[in-house]
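Numbering (our numbering), first residue to last: -11 to 238.
Notes follow once the structure below has been shown.
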C-alpha cells in the first residue's frame, strides 16, 4: 500500500519494533507506515534496492531510533543500518519529534534523510552519530535540529567527500552550549527563524579537518541548498572549525 495509507506496524510504549531484512525495508512509494514509539532496523543490502524507508504516521506522534527488543532467539537491535550496496536510509515523522539515540549508518555512498514534518517537531540527535562513508546527509525539522550533548563531545553528523550535509529547520539549528558537531567536507543550512532562538551553531570537530560552506545535495524530493542563511528574527550564524580551513563559496 502507498505511504500514509495503511499503518503496517503498531504498538505502544514500552513496545518496540525490530525490522531485519536481507534486502529492502519499504520502497520510496510504499514506505513502511509505523505507529510505534521506538524502532531499530537493518538491511543486509543484498542488492542495490536494499534501502530503508520508514514513515511514522501522524497518529504515532514522536519516534525514537533506539534499541528494539529481539524475539524468538534474535538479539536486541540498536539503531538503523544498511550494510552493503550503498543503500539509503529515509525516516520521516509526520507529527511529533524524531529522536536518534543509537547510530544511523548508511553503507558506502548511501544517503541518509531524516525529517520531522510538524511545525512543533524537532529532530534530536543525542549522544550518537548519523553517518555515511561518502554519502549525502539531510535533516529537516519543522521546529529545531538539536542535540543534548555539549559541543565537542559527540559528532552528530559524519560523512566523507563527496558527501554533503544539508540542514533545514523552522527554528534553531544547535544552540550556543550544544552546537551540532560535524565531521563533513561540505555543509549548507537554513533556519526560517520562527523565534528569536532560531540561530545556527555549527562546529566542525578536529577530525573533520577543513570545512566548505557550499551547495549541499537535497534528498527525498528536497532541492539542493546553497550557503548558510537565517530568514527572520535577526538570528545569528556561528560556524567554528577546530582544525583545518573554513572556505565559504556560497
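We put the beta carbon where it would ideally sit given N, CA and C, even for glycine.
What did DSSP end up calling residue i once you bin it into helix, strand or coil?
i	result
residue 28	strand
residue 47	helix
residue 195	helix
residue 112	strand
residue 63	coil
residue 184	coil
residue 233	coil
residue 207	coil
residue 97	coil
residue 36	coil
residue -7	coil
residue 226	strand
Grab me the residues of residue i's own chain with a C-beta within less than 7 Å of its C-beta, minus the 5 sequence neighbours each way, in chain order.
i	result
residue 195	171
residue 16	41
residue 150	122
Can you give the Cα-Cα distance for residue i and residue j, rounded to whole angstroms?
i	j	result
residue 63	residue 45	27 Å
residue 148	residue 176	15 Å
residue 217	residue 155	11 Å
residue 178	residue 59	42 Å
residue 38	residue 98	10 Å
residue 163	residue 83	23 Å
residue 231	residue 11	39 Å
residue 25	residue 65	15 Å
residue 133	residue 152	17 Å
residue 116	residue 94	14 Å
residue 160	residue 61	43 Å
residue 2	residue 207	32 Å
residue 79	residue 35	20 Å
residue 57	residue 27	9 Å
residue 18	residue 48	18 Å
residue 43	residue 100	14 Å
residue 6	residue 222	44 Å
residue -4	residue 22	6 Å
residue 184	residue 142	26 Å
residue 169	residue 91	15 Å
residue 139	residue 125	20 Å
residue 52	residue 236	35 Å
With DSSP as the reference, identify every bridge partner of residue i, one or two as the case may be.
i	result
residue 128	103, 156
residue 17	DSSP, once it has assigned bridges, lists no residue as partnering residue 17.
residue 8	30
residue 169	191
residue 23	-2
residue 146	119, 171
residue 241	In the structure displayed, the chain extends from -11 to 238; residue 241 sits before or after that span and is not available.
residue 69	30, 93
residue 56	65
residue 87	52, 112
Between which residues of its own chain and residue i is the CB-CB distance below 6 Å, once the five residues before and five after are set aside?
i	result
residue 228	191
residue 128	103, 156
residue 8	30
residue 198	232, 233
residue 96	74, 121
residue 119	93, 146
Taking the alpha carbon of residue i as the reference point, which residue from the options has its own alpha carbon closest?
i	options	result
residue 187	224, 203, 34	224
residue 201	184, 226, 183	226
residue 105	-4, 135, 50	50
residue -8	74, 77, 81	81
residue 145	85, 42, 193	193
residue 109	0, 182, 221	182
residue 131	119, 158, 74	158
residue 54	14, 32, 112	112
residue -10	14, -1, -2	14
Taking 7 Å as the CB-CB limit, is residue i close to chain C?
i	result
residue 174	No chain C is part of this structure, which consists of one protein chain only.
Can you find the residues in the same chain that come closer than 8 Å, C-beta to C-beta, to residue i, ignoring five residues on each side of it along the sequence?
i	result
residue 114	87, 88, 89, 135, 136, 137
residue 213	154, 156, 176, 177, 178, 203, 204, 206
residue 4	24, 25, 26, 27, 28, 54, 55, 56, 57
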